[in-house]
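A short write-up of the structure that comes next.
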Amino acid sequence: MKQQLEQIKTAALEAIENAQNSADCENVRVKYLGKKGELTAILKMMGGLSPEERPIMGQLVNTAKAEVDAALSKKVEQMQAEAEELKLKQETIDITMPAKQDKTGKLHPLNTVLNDMIDIFQSMGFDVVDGPEVETDHYNFECLNVPADHPARDMQDTFYLAENILLRTQTSAAQIRTMETRKPPIRVICPGRVFRADEVDATHSPVFHQIEGLVVDKGVTMCDLKGVLEQFAHEIYGPETKVKFRPSFFPFTEPSVEVDVSCSECGGKGCRVCKGAGWIEILGAGMVHPNVLRSCGIDPEEYSGFAFGIGLDRLTTTRYKISDIRLLFENDKRFLDQF
Amino acid sequence: MKISLKALKYYVDINVPVEELCDRMVMAGFEVESIEAEGENIKNVVAARIVKLEPHTDSDHLQICQMDIGKENLVQIVTGAQNIKEGDLVPAALDNSDLPNGMHIKSGKLRGVESNGMLCSGEELCLTEEDYEGASVHGILILKDEWAPGTDMREVLGLDDYIIDFKITANRPDCNCFMGVAKEASVVLGSAYHPPVPTYKTVGENITDYIDVEVLNYDLCPRYVGRVVKNLRIKPSPVWMQKALMASGMRPINNIVDITNFVMLETGQPMHAFNYNDLADKKIIVRNAREGEAITTLDGKDYKLTADMLVIADGEKPSCLAGIMGGKESEIEDDTKDLFLESAKFRRDSVRKTGRALGIRTEASGRFEKGVDIVNVGFAMDRALQLICDLDAGDIIEGVLDRNLGLPEDKILNVKSSSIIELLGVQIPEDKMVEILNSLGLETAANDGVLTVRVPSIRDDIEGRADLAEEVMRIYGYDHIVGTPMRGDVMRGKKLPARVKSDKMKSLLCGLGCYEIATYSFIASGALDTLNLADDDARRNAVKLINPLGDEYSCMRTQLVTSMLTVMATNINRKIEAGRFFEESKRFIPKALPVTEQPDELPTLCIGLYGKDEDFFTLKGIVEEIMTLFGAHTQYKRSSENYLHPGRQAEVLANNVSAAVFGEVHPAVAKNYDIDTRVYVAEIKLDVLYAINKRKTTYKPLPKYPAVERDFAMLCDKDIPVGDLERAIVSGGGRLLEKVELFDVYQGSQIPEGKKSVAYSVWLRSSEGTLTDAQIEDASSKIIAKLEKLGAELRK
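Order-wise, the sequence lines are chains A and B. In terms of our numbering, the first sequence opens at residue 7 and continues consecutively. In terms of our numbering, the second sequence opens at residue 706 and continues consecutively.
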């Protein structure tokens, strides 16, 4: 009987081993472990054994049953795993097929650059303010130390809407409105649209954009101006960038300077981008003219300040190497999509 | 201001290369626009000797020349000229050379014979008889035999000067002249400055016997100086003067005219010469023109004058437009005998206004507009007389008529040297400041930390500490300024609320696939016609520019739609299949027309869409997202914009205020833009949306009890808007209603004519417990009652 048990077990394990699919496994289970299965049958035959042999044999049969059961479970699990693996394999896709997506739009490049600038100056404590695009002669010229007969008015051919109403030629007009409404310490930038009667060509547009900066406090010096512009230049053009002041003239600042930065293309050696100069002119700046402070009710003996005006369009065209400023206003989607 | 280096060297010692001079001038505030080397446009042209001359076998006029160009091998050049012989020294343009007339010469073959260049005529080198004797001869220029073959033609012609174009800033009109630039150069280089010291001889007599000068308007003419010169000897001016004039862009005419122009270039003071014999009544009257008075100017043009224009008149009529241009009648001509010479100061804005009104701008008027120095008026006159005397151009009558109301005293400024340091942040020694200011002609002494500076009238741009700081710094050197990091109280930069809102809105729009565009703020005067707006539409009341660049840019826009349509048309025209665009900009709404105060500038958003996947509802989706962003409670109403499709447009009320109009563009309007596809636009008033106080977001507990979904299908009149049905469901559902969703609208077979089938899913839920059948039944029957009230017939 013991021998018979051994034979059944071996046959069962062999059948499990050879099972090809889940149906085979089920057949094995029924044939050996089922109610009418062979191992079950052996248990039933134990009635003929002596009371001493019965528990010994019973244990042997149960062990064999457990062994077969375990082998069968393992086989089933293994086959399930294989089936799963096969299924995943069959589900392989071509990952280079195009994405399903809702295409996002883009900010206009002018505003992408502007936002970078706002971040830089905001981090230095500058508030961001706005001013009207249609200005009065008073704010655009008079308060900025450009009286009616001043030759500087020729520098900026102005669009007029009425005798004393005009399209602002500079965001500096916002300086005055700021100083009239705030008391020092003042630290603001005013980005905005400005207008000058320039015929449209690759480098000129009657509509363009500036960012005006203004700082007024006690003891502000020209070195502070340079420090702020250096920090700005480092953020925009890289930490190696050098800043150079060249004397210039603006009616609303004194001293006035043009500000050059070392060419980021060639590092100052001279190249096509900087036309061999090694430097690129990026903005005008200076110490706020005492007359301007006075016209805003700020005592120039007590306070000093600096102001700067950055041309956003120029900054944008140089950053992206855009050859023609007109592209900024044409709004071809293929152009807008590049930034 | 163009100056030749040679002319500059007359006044200042320059011992550095021209590039260095220019670099140092730039760092002192004089930007250099260009440096032009004389003869720059002549390249690879040399003096060459004709060694051998033989006829071309295949031509009856060509000759083959073997040329000595100072090198080992001779160069063969074929020429058509006949005025040459062996042994002549001539200009030869070699292979790859440039001529000043724009020609570029290369080797080639002439009738089969190799020619490695070209022999040049005087004309081809742009020379006149005055430049080189024989230059006007027809044929090849024969050079004087004083140059070795191979010598560069620029050397032969003496073209070794440089013309430097300095950009003079508006605060320094005193530098619009040779002396002004030379003075600055002398300070920059630390070298000697030699201004001319005018001296001259007169022939006696007394000017008062010749003429009287009367100034009737000292406001517009604060100083007028007149002299008389008789027995003019008119002839060409000397070559040095002609060269200086030409370098600065002026044409030589004769000695008298050239002297007046040269003195203007040299001193910055325009002069005017009258033919004395043509002055009626021997009188000069500086007065306003009489309304309608006429003058014919030197260039032969006739002008009608108005009473605000200043003229220099004789006893009868205007003889000169003050500071702008002389009259034809009193012009200096070759046979003019006697001269009345003027040096004067005219008010800047008077010259500008008259020049603008008449459309005349001259060298002289430009200088008066920038401002001339009242003291310099007299110096310039003396200098002109010195040149007349030196060049023997006439006999100077004794006496000067100098009309003015007193000349200004020098301004005295007292400024603490420490206050200059405080402004600059650079420790400049006081004695260095004194030295710099003195060198600039600002007489300065330091006493007890205070600089006392005497400012002459020619530097009236200097008013105080800041100006002196600039003068010191630009000479001391801006490289001494070392950047210091931002100091002062720690401040946090903030944006205005509108910008914060705008930024969020733009992110949203980009997320929805819209590209931001930028367009001009002004549009064509006829642009509103393209929208087919009614004649009395308020948007037609646009502010107009007085001086636009052209009609295309003449009106401040009162809406953004025309610009958006233009951009979409551009993209469609370029075969770009689809696009979503937006622009945030301003509408300019005048308070009254014509404008007397600034118009309202109202922030506005315009959205434009086109493409096969776009329709009214995709645009509505975007509009809804924006309304939600601003927390607006919205209502949609049919609208009646002329530029939109009459059946496919809507007005949006945000919290009961009109905030947007959107829809499909009317095909007739699209056609005005050559758009032949459906396009959609929305114009949204951001001033309305920015004003909404968005309610603070607070957390609502997530539902604990299950929702019940019920579908309601109905038949109703096809003209009932589904929005009405939805409102009926919402009001019927009451507090239990959680969500309504339209899932089907159908018209067609099996649906009676004039009806449509509409189906909604409705979710009911209570936050207090699982809904009972009674509650559900109650809500459903209320919904059905409301729908039936609208005439809907529920389908079971």
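Don't be surprised by glycine CBs; every beta carbon is placed ideally from N, CA and C.
{"Check": "C-beta neighbour in chain A for B/Leu1447, strict 8 Å", "Outcome": "no"}
{"Check": "Any C-beta of chain A under 8 Å from that of B/Lys1291", "Outcome": "yes"}
{"Check": "For B/Asp1039 and B/Lys988, believed in contact at Cβ under 8 Å, the rounded distance", "Outcome": "In fact, because the Cβ distance is near 26 Å, the residues do not count as touching under 8 Å."}
{"Check": "Three-state secondary structure assigned by DSSP to B/Glu736", "Outcome": "strand"}
{"Check": "B/Thr1189: contacting residues in chain A (beta-carbon distance under 7 Å)", "Outcome": "Cys229, Asp230 and Gly233"}
{"Check": "Rounded Cβ spacing between B/Leu767 and B/Leu804 (contact assumed at less than 8 Å)", "Outcome": "At roughly 20 Å, the Cβ-Cβ gap does not stay under 8 Å, so B/Leu767 and B/Leu804 are not in contact."}
{"Check": "C-alpha distance - B/Val1105 paired with B/Leu710, whole-angstrom precision", "Outcome": "34 Å"}
{"Check": "4-residue-minimum alpha helix (DSSP H) runs that sit fully inside the stretch 1077–1156 of chain B, ordered along the chain", "Outcome": "1081–1095, 1122–1129 and 1135–1144"}
{"Check": "Against chain B: residues of the stretch 205–226 of chain A by CB proximity under 9 Å", "Outcome": "Glu205, Val206, Ser211, Pro212, Val213, His215, Val221, Asp223, Lys224, Gly225 and Val226"}
{"Check": "Residues near B/Tyr898 by beta carbon distance below 7 Å, same chain, minus five either side", "Outcome": "Tyr716, Val717, Ala887, Lys888 and Ser891"}
{"Check": "CB contact check: A/Ala168 to chain B, cutoff 8 Å", "Outcome": "yes"}
{"Check": "Residue nearest to B/Phe979 in terms of C-alpha spacing, selected from B/Leu1044, B/Arg938, B/Met1030 and B/Val918", "Outcome": "B/Leu1044"}
{"Check": "Euclidean distance between Cα positions of A/Arg35 and A/Met51", "Outcome": "20 Å"}
{"Check": "Distance, A/Asp266 Cα to A/Glu287 Cα", "Outcome": "4 Å"}
{"Check": "The beta strand (DSSP E) enclosing B/Lys1444, as first and last residue numbers", "Outcome": "Leu1442 to Tyr1451"}
{"Check": "Proximity test, A/Lys71 beta-carbon vs the ligand MN heavy atom, cut-off 7 Å", "Outcome": "Although the ligand MN was asked about, the structure shown includes no ligands whatsoever."}
{"Check": "A/Cys31, enclosing beta strand (DSSP E) - first and last residue", "Outcome": "Not the beta strand (DSSP E): A/Cys31 falls in the alpha helix (DSSP H), residues Ser28 to Val34."}
{"Check": "Start-to-end residues for the beta strand (DSSP E) that takes in A/Lys95", "Outcome": "Taken as a continuous stretch (DSSP letters only), A/Lys95 belongs to no beta strand (DSSP E), being part of the alpha helix (DSSP H) at Glu59 to Gln96."}
{"Check": "Cβ shell of B/Val1427 (< 7 Å), same chain only, five flanking positions each side left out", "Outcome": "Leu1447, Val1450 and Val1463"}
{"Check": "Positions along the stretch 318–330 of chain A whose CB lies within less than 9 Å of some CB in chain B", "Outcome": "none"}
{"Check": "Segment contact, 8 Å Cβ cut-off, at least three pairs: the stretch 784–791 of chain B with the stretch 841–852 of chain B", "Outcome": "yes"}
{"Check": "Per-residue burial, B/Ile1376 [other beta carbons within 10 Å of its own, 16 or more giving buried]", "Outcome": "The question names Ile, yet the displayed sequence has Lys at residue 1376 of chain B. With fewer than 16 Cβ atoms within 10 Å of its Cβ, B/Lys1376 is classed as exposed."}
{"Check": "contact_flag[the stretch 1047–1059 of chain B, the stretch 1022–1029 of chain B] where n(CB pairs < 8 Å) is 3 or more", "Outcome": "yes"}
{"Check": "Contacting residues, own chain, Cβ-Cβ under 6 Å from B/Asp836 (five flanking each side not counted)", "Outcome": "none"}
{"Check": "Close Cβ partners of B/Arg729 (< 6 Å) along its chain, the five nearest in sequence each way excluded", "Outcome": "Val893"}
{"Check": "Residue burial classification, B/Tyr1404 (beta-carbon count within 10 angstroms, cutoff 16)", "Outcome": "exposed"}
{"Check": "As assigned by DSSP and simplified to three states, the class of B/Arg1353", "Outcome": "strand"}
{"Check": "Opening and closing residue of the alpha helix (DSSP H) in which A/Ala18 lies", "Outcome": "Lys8 to Asn24"}
{"Check": "Distance, B/Leu1046 Cα to A/Pro261 Cα", "Outcome": "40 Å"}
{"Check": "CA-to-CA distance, A/Phe258 to A/Leu150, given in whole angstroms", "Outcome": "5 Å"}
{"Check": "One or two residues paired with B/Trp1468 in a DSSP bridge", "Outcome": "B/Glu1414 and B/Lys1444"}
{"Check": "Distance, B/Gly954 Cα to A/Leu321 Cα", "Outcome": "35 Å"}
{"Check": "Start and end residues, alpha helix (DSSP H) containing B/Ala1297", "Outcome": "Counting along the chain, B/Ala1297 falls outside any alpha helix (DSSP H), and DSSP gives it neither H nor E."}
{"Check": "A/Asp143 beta carbon less than 8 Å from that of B/Gly1218", "Outcome": "no"}
{"Check": "Residues near B/Gln1480 by beta carbon distance below 6 Å, same chain, minus five either side", "Outcome": "none"}
{"Check": "Residue nearest to B/Ile958 in terms of C-alpha spacing, selected from B/Pro941, B/Ala1490 and B/Thr1235", "Outcome": "B/Pro941"}
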